[in-house]
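Here is the structure we will look at, set down as structure tokens.
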Amino acid sequence: MSTLPTAKAEPERSGFIGWGRVGLACVVVFALVLPFMSSGYHLFQYAQVLNYAIALVGLNLLTGYNGQISLGHGAFFAIGGYASAILVAKFGMPYWVTPPIAGMVCLVAGFLFGLPALRLEGLYLALATFALAVAMPQLLNYKHFDALTGGSGGLQLAKPGAPFGLPITSDQWLYFYCLGFAALLFLAARNLVRGRIGRAMVAIRDQPVAAETMGVPISYVKAMCFGISALYAGVGGALSVTIVGYVSPDSFGLFLSLSFLVGIVVGGLTSIPGMLFGAWFIEFVPNYADQLTSSLGENAKALPWAVYGVLLIALMFVMPRGIAGAVTAMAARLQRFTNATKRA
Amino acid sequence: MSTFAHQFFSGLAMGGVYAILALALVMIYQATHLVNFAQGEMAMFATYMAWNMMDSGLPYWAAFGLTVVLSFAAGVIIERVIVRPFAKAPVLSMVIVFIGMVFIFNSVVGWIYGYEIKDFRSPFPEKAWFGNTLMSSHESGVIVVTFLVLALVYGFFRFTPLGLAMRAAAQNPASSRLVGIKVGWMLALGWGLAAAIGSIAGMMAAPVVYLDPNMMSSLLLYGFAAAVLGGIDNPWGAVAGGFIVGVMQNLVGAYLVGTQIQLSVALVIIIGVLVMKPSGLFGRVIVTRV
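Sequence order for the protein chains is A and B.
Just so it is clear: in the first sequence, position 316 is 1301 by my numbering, and no numbers are missing.
Just so it is clear: in the second sequence, position 111 is 204 by my numbering, and no numbers are missing.
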């Protein structure tokens, strides 16, 4: 019931590939049409969903596939964001070269954090990353880094417009900019988990001893997984800072890290496409809950978090594989149905 | 010199709070081998209850006692209703459930009481005891309370049949069940005790850090550091760890890195201990058979 799925690294190909293709096509068309259907603040929110989705894919690679619990991915999101902001504001780099650099910085940071983390199992790793998440805002605020980070005031960035004289607004351009990175990173993650390394990651999660016996280099895969996962979070952070145009230590508190966890659980542990839904959830549910609860008085703005909490626990009870798991199950049922009608 | 002594003793007092919190963490760890990430928020919730009771006119110690009892009941209920169904689930599911509880407590308190910082009264007199110039009465009071709690916990586990049964259930559930101990209820009792102990930590901390819904996240971090440093399966170690962390936090903050990044001290302690000596200073070394 409440156990985690022992998900296969390889999705079931025979079953529902037809429906999977249809779903993918729908998502792509929707994503491409979206910026011409909405504008301004909504478009900014959709772009932010994509950035969160990138970070969630990273966290899911680590937690869902590799079984290493991180409660501190907001910290890597912050490092990526700050790296990007510093490169633009202090070194005058164009904003579009910063995401890969921020990603590399986070890869190294994540790998280095992952090395000692190798010795920590489950709960202890959760503890260490929890500590990282709590301590991060203070570290970013540290006065000896003020020259770079701008201290508690943070850094302000100009909002970039569309290049090459493209006839689209700045918001539309930024959306496509994030969409490009998201598509690339989603594809990379999908290939990663379907390949040899992905199988090794899942094997380490489920049967570490057996995996080692079979010749999987456990420490290398685990540390690298941590690094790659941090890379994703870092790129997400860098993109997010570009579209927000502002960065400060307070944007990266413990609750950001925890809502990433909410995102991967809601979207579905061990699902890559599910992360889009997870990201949509953590971006928009606070808004909806806000509107719903505005009649309950000023303090009710806290209630979205209660919704999160209840949902987290409820999902663990009834749907441990999240939305993606539910959709997969439904698609499989649909496929069986169509197969049956074909045969008949 | 007197600044040093002052920093040292105020660190010791804060260390008392961390020690009590760490003790609560150890209670749950010993019984279920889980680290309760919601411990801090549960304590915060309890502290707000105490504040509410005092606000409506109850004397301090009545509110204190009532809060401890209510927290105990709440802890038992949480174990029975929320934690029990996940008894056989993997660690990740459990951590997620704890995080869910963190969200719920935090936002419910924010909803009911708001986010303004509130004053919380100290039960100890304004004037320092015995002409002690180095510590305020609250600071010395916290240390006394810490040792009182430790003594009670020790006495309970060492000298009462119920305590013995709880230790047995934690160490060897199968055999305990065979001799007629209700293992499930022992776990629930452990949660109740942890919640009660945690509420004391919250009420001792609130006069110093003031009352607000987010007061506990940093305290909990120091509590973790204390528990990990002392060995997460050892109550004595947890208390020693609490005092060490409290003093270190103050001294490192005052003389080395500045108070601005004190939380990183806890981060460094946690990672350092887990990497160098995962069993902590006083913990049992665990050998896993593969």
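Yeah, the Cβ is synthetic: ideal placement off N, Cα and C, and Gly gets one too.
Here the structure is a predicted model, which is why all the values come from computation and not from measurement.
Each of A:Ile1054, A:Asp1156, A:Thr1134 was checked against the Cα of leucine 1110 (chain A), and the nearest Cα belongs to A:Ile1054.
The residue among A:Gly1253, A:Gly1259, A:Ala1317 with its C-alpha nearest the C-alpha of leucine 1297 (chain A) is A:Gly1253. Taking the Cα of isoleucine 1153 (chain A) as reference, the smallest distance to any Cα among A:Val1012, A:Met1186, A:Gly1025 is reached at A:Gly1025. Valine 1220 (chain A) is not a Cβ neighbour of alanine 1070 (chain A), given a cutoff of 8 Å. The beta carbons of isoleucine 1257 (chain A) and valine 1042 (chain A) sit closer together than 8 Å. When CB distances to chain A are screened at a threshold of 7 Å, not a single residue of the stretch 108-122 of chain B falls below it.
Segment contact: the stretch 231-242 of chain B against the stretch 100-109 of chain B, three or more CB-CB distances shorter than 8 Å; contact assigned.
A check of alpha carbon separations from leucine 374 (chain B) across B:Ser357, B:Ile325, B:Met135, B:Gly339 identifies B:Ile325 as the nearest. Annotation for glutamine 355 (chain B): the continuous alpha helix (DSSP H) segment containing it runs 355-369.
Sixteen is the threshold: when 16 or more other Cβ atoms of the shown chains lie within 10 Å of the Cβ of asparagine 1051 (chain A), as they do, the residue is buried.
The Cβ atoms of tyrosine 153 (chain B) and proline 216 (chain B) lie closer than 8 Å to each other.
For leucine 304 (chain B), the nearest beta carbon of chain A is not closer than 8 Å to its own beta carbon. In this structure, valine 1312 (chain A) sits away from valine 1292 (chain A), with a CB-CB distance that is not shorter than 8 Å.
Ranked by Cα distance from glycine 1222 (chain A), the first of A:Leu1044, A:Ala1317, A:Asn1272 is A:Leu1044.
With the criterion set as a beta carbon lying under 8 Å from some beta carbon of chain A, the stretch 150-169 of chain B has no members that meet it. Residues are counted here when their Cβ sits less than 8 Å from a Cβ of chain B; for the stretch 1026-1058 of chain A these are Thr1048, Gly1052, Ile1054, Leu1056, given in chain order. DSSP places lysine 275 (chain B) in the coil class of the three-state scheme, outside both helix and strand. Under the three-state reduction of DSSP, valine 1194 (chain A) is assigned to helix. With a contact defined as Cβ atoms closer than 8 Å, glycine 291 (chain B) and valine 169 (chain B) miss out at about 13 Å. One Cα belongs to valine 345 (chain B), the other to valine 188 (chain B), and the distance between them is close to 31 Å.
Annotation: the continuous alpha helix (DSSP H) that includes methionine 1089 (chain A) extends over 1083-1102. Contact check between the stretch 164-181 of chain B and the stretch 268-281 of chain B: three or more CB pairs, one atom from each, fall below 8 Å, which counts as touching.
Bounds of the alpha helix (DSSP H) holding tyrosine 1037 (chain A) are 1025-1045. Bounds of the alpha helix (DSSP H) holding glutamine 132 (chain B) are 132-148.
Between tyrosine 1037 (chain A) and isoleucine 1267 (chain A), the gap from beta carbon to beta carbon is short of 8 Å. With its beta carbon less than 8 Å from one in chain A, alanine 359 (chain B) belongs to the interface. Taken through DSSP and simplified to helix, strand or coil, lysine 211 (chain B) comes out as strand.
When Cβ-Cβ separations below 8 Å define contact, glutamine 1123 (chain A) makes contact with chain B. With fewer than three CB-CB distances shorter than 8 Å, the stretch 1175-1189 of chain A does not count as touching the stretch 1160-1167 of chain A. Between phenylalanine 1171 (chain A) and chain B, the shortest Cβ-Cβ separation is not below 8 Å. The three-state secondary structure of tyrosine 1231 (chain A), taken from DSSP, is strand. Not a single C-beta of chain A is nearer than 8 Å to the C-beta of isoleucine 171 (chain B). In the three-state reduction of the DSSP assignment, glutamine 1053 (chain A) falls in the coil class, being assigned neither a helical nor a strand state. Taking 8 Å as the threshold, the shortest C-beta distance from alanine 1174 (chain A) to chain B does not fall below it. Nearest Cα to alanine 287 (chain B) within the set B:Ala180, B:Ala124, B:Ala98, B:Leu255: B:Ala124. Taking CB atoms only, phenylalanine 1115 (chain A) has a neighbour in chain B less than 8 Å away.
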